Amino acid sequence: MKHSISVEDIKLYAHHGCLKEEEKIGGHYSVDVFIETDFTEAATKDELNNTVDYVQVNRIVKDEMAIRSKLIESVGQRIIERLKEAFGKSEFKVVIKKLNPPINGDVALVSISIDSRN
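Following our numbering, the numbering of the sequence shown begins with 314 at its first residue and continues without gaps.
Structure (structure tokens):
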């Protein structure tokens, strides 16, 4: 049986980007985390310690987004690595959306996606 969990549209304000203005002013971001895992035991025993804790997923995303990076690609990789450490054999997809990026145009967002799922 295949199980999935998602924690979507985690809204954050962070200071990522290559421009000095982005470092100082910051910007709005949205992060989605998709997890493939086996939560059969959690579903039958109704115990949190047998599944992925959404609170911990949110905390990992917030912690890593708070660390200044030039590239959201780097942030995404750090989030994937932390999720693997925390939840072991599960597989993950992380999408980071930078809202209203400063790229001299009317662009709603740019995003990166890192997928460790098979």
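By construction, the Cβ of each residue, glycine as well, lies at the ideal position given by its N, Cα and C atoms.
Computed from a predicted model, the values in this text were never measured in an experiment.
With DSSP as the reference, label residue 419 as helix, strand or coil.
coil
Give, in chain order, every unbroken run of the alpha helix (DSSP H) that is at least 4 residues long and sits entirely within the stretch 353-418.
353-358, 367-378 and 385-400
C-beta contact flag for residue 319 and residue 352 at 9 Å
Taking a C-beta distance under 9 Å as the contact criterion, residue 319 and residue 352 do not qualify as a contact pair.
Touch check for the stretch 392-406 and the stretch 370-382: three-plus C-beta pairs under 8 Å?
yes
Is residue 407 near residue 427, with beta carbons less than 9 Å apart?
In contact: residue 407 and residue 427 (Cβ atoms closer than 9 Å).
Which residues in the same chain have their Cβ closer than 7 Å to the Cβ of residue 328, if we skip the five residues on either side of it in sequence?
335, 336, 339 and 381
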